[in-house]
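Structure first, commentary second.
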Amino acid sequence: MSDKIMLLDGHSLLNRAFYGLPDLTNAEGKHTNAVLGFLNIMLRYVEEEKPTHLLVAFDRKEPTFRHIKYKEYKGTRKPMPAELHEQVPLMKEVLKTMEIPIITQAGIEADDILGTIGKEAEEAGFDVAIVSGDRDLLQLATKKVKVKIPKTKASGTVTEDYYEDDVRELYGVSPTEFIDMKGLMGDTSDNIPGVPGIGEKTAAKIIKEYHSIENAYDHIEEIKPARAKNNLQEYYEQAIMSKDLATIKKDCDLSYDFKDAKIGTLFTKEAYQLFKELELKSLFKYFDEEEKEEETLEVVTTSDLGEVENIFSSIKKSGRAGLGVIGVSGNCKGISLTWKEGSVLALIGGFVTEDYLKEKIVELLKEGTELIVLDYKALLHFVEEVREYESQIQDVGIQAYLLNPLQSAYDYEDIARDYLRQMLPSRKEICGKKAIEEVFEAEEEKTVQMAAYFSYVPFHAYPLVLEKLKEQEMEELYLTIERPTVATLYDMEKYGITVEKDALKEYGDQLIGRIEELEQNIYEKAGKTFNINSPKQLGVILFEDLKMPFAKKTKTGYSTNADILEKLAPDYPIVSEILEYRQLTKLKSTYADGLAAFIQDDGKIHSIFHQKVTATGRLSSSDPNLQNIPIRMPLGRAIRKVFVPDPGYVFVSADYSQIELRVLAHMAGDEHLIDAYRHGEDIHRMTASQVFGVPFEEVTPLLRRSAKAVNFGIVYGISAFGLSQDLKISRKEASDYINKYFATYPGIKTYLDGNVAFAKKEGYVKTLYGRIRPIPELSSSNFMQRSFGERVAMNSSIQGTAADIIKIAMVRVSKRLQEENLESRLILQIHDELLIETKENERKEVRKILEEEMMGAAQLKVPLSIDIEEGKTWYEAK
DNA sequence: GGCTTCACG
DNA sequence: ACGTACGTGAAGCCG
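First residue of the first sequence: 2, per this note's numbering; consecutive thereafter.
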């Protein structure tokens, strides 16, 4: 069997892959989708074609186009997006590690390289396969040279293979005649002019008959139709030039050696290292264990009590240990400890009881050991007593979140990847959906490894993470705000909030009747039954069956959201009923039924508060989300009546008044806005008065509402379009409002612009307390993404600073409650609001604490102000 | 699992 | 010309 060489068109394939795959980046923000796509195509073909030799041709530098002068002349040359551009050198590096030769040569384009090597390889007796995303390469097909064109589709990559005969079959001409055809018909995408008036049909007909432009010209009188004849006569020189432009050279002077193209292992150690760095996990399967050098941790799992005690005393001596708790929230299956290079202890099952483990952990802390964990709050759920030693506990998960809040997770495999540059199998990969015990029974070895990672990773990552935290000046933020917040959240989770189950059930039942009534009315008016909950079906009913006008937006169908339906409601009674139906079913499914499912045996809901989720530093809540309980509409608001305090307690709630605008006033240092707040003005009315040029007393409710929307818009990163949508006014008007606003508060404009400029330069924005939010979108080549990045830059330091202040307030309030030995406790945080379950006789004291600690949480250039309310239910306390 | 919609700040 | 307000989580539909 003869040797087979596969020649790849580097830029063309990268290009294909880039546009065929969704964006993908590694932890450092390097874009990798084109590289991955390229490799997937290449490896698949290596598998299918089994070539003995492989090489890749690249253009010299930029993706030079074949006919660059025309491109530039016409100004149609699109620059390569930066996200793709940066992947070109990366791709070359990858190929180098796989020992695949790259051929580039000054002044010679990639397809000429492919043409030349293809021909020379054929002459040397190789079977040849040329891979490119560019159909122009078809002219290189012969009986022995196959051209492969991959097509990246959503369903996967489909390939078209062309030998000489396949080209003939498809176009009716030979590959070389294909060039002549192009010379006649031209190619707008390549800016080959061709002959005016001759398209694909005519060109094919002429070349089929005369086989070349020159020969056709010799028989010019015979050419039909007349238009083609005349134009060919007139544009003959242009046709010849076009043909020349379209011709891929096969006689370039290249220096290369087929020997270098001989395929080696491909999957070298170096390649594995690089793939690891790029986080191309899906390619790991190609490597042998040898290249992976997956170091398994040496883990001690002793069943000798004496040995365990010995180890604990050497941990105490070392002063620091990584600690992992294995199990789910409080239900501990074991722990692992890492206390020096290469020493890991996993204690799972066997003689170790939960109480024994808890005791040992507290003992370590008592003797001054610093414990490094991935999730301090989880540790608290296991051993609450550790809170007394908070200064000795480091939460690497939170530290990693502060360094990059954009990640989706901060599990051990994430920290190991980002800071230790190790790709560890995740818990999910090891256990799947199974419970730990189950896996432990079947695969003890693996479980022990995983357990070890839980302490190994934080222990080894901590020094690195801490150093970066210091570099970024966020250590204080961590020590004074984030770490103390952990125990506060733990308390809120543990206390929970009582929900009256029966009352909730009744609330839900009372919705059913009306929902069914609406359902029947809607079916009747629609003339048929359908699933009202399906936006797709609903869209068809409204905009096709009932022929309602301007079915405006669409992506996967008609848009049927509340904004659109509200516009239709006045003219179509069915739409009002749909809106009401939507409202009621939301209340029923998400709140009535949804909340009921979370009520525990103690009659309470213990939702989870997340500290490592949001990009801005806010908290989030889940299972269930108690931060989005209805309040805006009366019927929804009523659900708050089922949230009640323990007997002998009341709810006291305190919310910051316009904290984000006040933060903005402070950070921007705008004199006018600061003055307004210092005088305790109604800020929206004030804004209306100044922006619309009306005396303060004469501001109408409508004007005030508009001004309020503008104030909101400013905080969100104002855009004329967004404001116009919100106020249902024209873009022009919205734009006028914005301009007037900035004229009124020039300091705000300067600040926002400065913030965007800073973000563009540094790649992130900062809050008042030093929290960062990276904004990778700002360097995107996509207009939409970049604009988004600008809005984010304007919003994040405001939202983030407000979040910082509220966290400070939470910690201060909790501390006061504890210090003063009160029985009242903080049970919820809803972004700008704190809810305190307050002992009846502590109401006065609690109000005082809230005022002092919330208002005193930050010293801004404007006062912080809060509103306090209280009641026997959450409904009343608001 | 992605998309839509909608509840909150 | 591009097609959006910022930040979340949950439910239901549908390929």
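Virtual Cβ for every residue (Gly too), placed ideally from N, Cα, C.
Applying the criterion that 16 or more other CB atoms from any shown protein chain within 10 Å of the CB defines a buried residue, is residue i buried or exposed?
i, result
"D868", "exposed"
"T370", "buried"
"L37", "buried"
"V159", "exposed"
"S133", "buried"
"A205", "buried"
"R633", "exposed"
"K120", "buried"
"H685", "buried"
"I893", "Limits of the chain in this structure are 2 at one end and 879 at the other, which puts residue 893 out of reach."
"L703", "exposed"
"Y357", "exposed"
Are residue i and residue j touching if we call contact CB-CB under 7 Å?
i, j, result
"E123", "K145", "yes"
"P194", "Q239", "yes"
"V826", "Y582", "Inspection of the sequence shows that residue 826 is occupied by Arg rather than by Val. Contact: no."
"K250", "G116", "yes"
"L404", "K471", "no"
"I180", "A229", "no"
"S781", "R787", "yes"
"E280", "N27", "yes"
"A804", "T617", "yes"
How big is the Cα-Cα spacing for residue i and residue j?
i, j, result
"D510", "D594", "10 Å"
"R45", "Y273", "18 Å"
"E578", "L620", "36 Å"
"M186", "V129", "29 Å"
"E364", "K317", "9 Å"
"A453", "N41", "34 Å"
"I609", "V326", "18 Å"
"Q393", "L366", "7 Å"
"D10", "H86", "16 Å"
"V847", "V653", "8 Å"
"V387", "A858", "26 Å"
"F455", "L421", "14 Å"
"I933", "S736", "In this structure the chain extends from 2 to 879, so residue 933 is not present and cannot be described."
"V95", "Y377", "39 Å"
"E661", "I799", "6 Å"
"D572", "T561", "16 Å"
"K526", "N532", "14 Å"
"E821", "L851", "13 Å"
"D647", "T557", "48 Å"
"V643", "K334", "36 Å"
"I498", "I640", "14 Å"
Based on Cα-Cα distance, which residue from the options lies nearest to residue i?
i, options, result
"T302", "S337, V651, G325, F784", "S337"
"V1", "K808, Y164, G670, D188", "Outside the shown range of the chain, which is 2 to 879, sits residue 1, and nothing can be said about it."
"P102", "L267, Y20, D245", "L267"
"P631", "I498, Y746, G718, I831", "I831"
"K808", "S788, L829, E821", "L829"
"E763", "L779, K750, T751", "L779"
"L636", "Y508, R705, A689, Y559", "Y508"
"E235", "P197, I264, E201, A247", "P197"
"G681", "E698, S658, P536", "S658"
"F697", "A217, F713, G265, A677", "A677"
"E887", "Y257, I437, G173", "Lying before the first or after the last residue shown, residue 887 is absent from the chain, which here runs from 2 to 879."
"S535", "E342, K642, Y559", "Y559"
Counting only the same chain and skipping the five closest in sequence on each side, list residues whose C-beta sits under 7 Å from that of residue i.
i, result
"E854", "A810, R813, V814, R817"
"Y463", "I373, Q395, V397"
"Y71", "Residue placement at Y71 cannot be trusted, given a pLDDT of 36 that sits under 50; the coordinates are not used to answer."
"V651", "T839, E841, R844, E871, G872, K873"
"H673", "T745, Y746"
"V614", "S621"
"A347", "V300, T302, G335, S337, V449, A452, A453"
The ligand GDP heavy atoms versus the CB of residue i: any closer than 6 Å?
i, result
"F693", "This structure simply doesn't include the ligand GDP, nor any ligand for that matter."
In chain order, what residues of the same chain have a beta carbon less than 8 Å from the beta carbon of residue i, not counting five sequence neighbours either side?
i, result
"D289", "F268"
"A710", "L724, D727, L728"
Ignore the nearest five residues each way along the sequence and tell me which others in residue i's own chain have a CB closer than 6 Å to its CB.
i, result
"E520", "none"
"L543", "M549"
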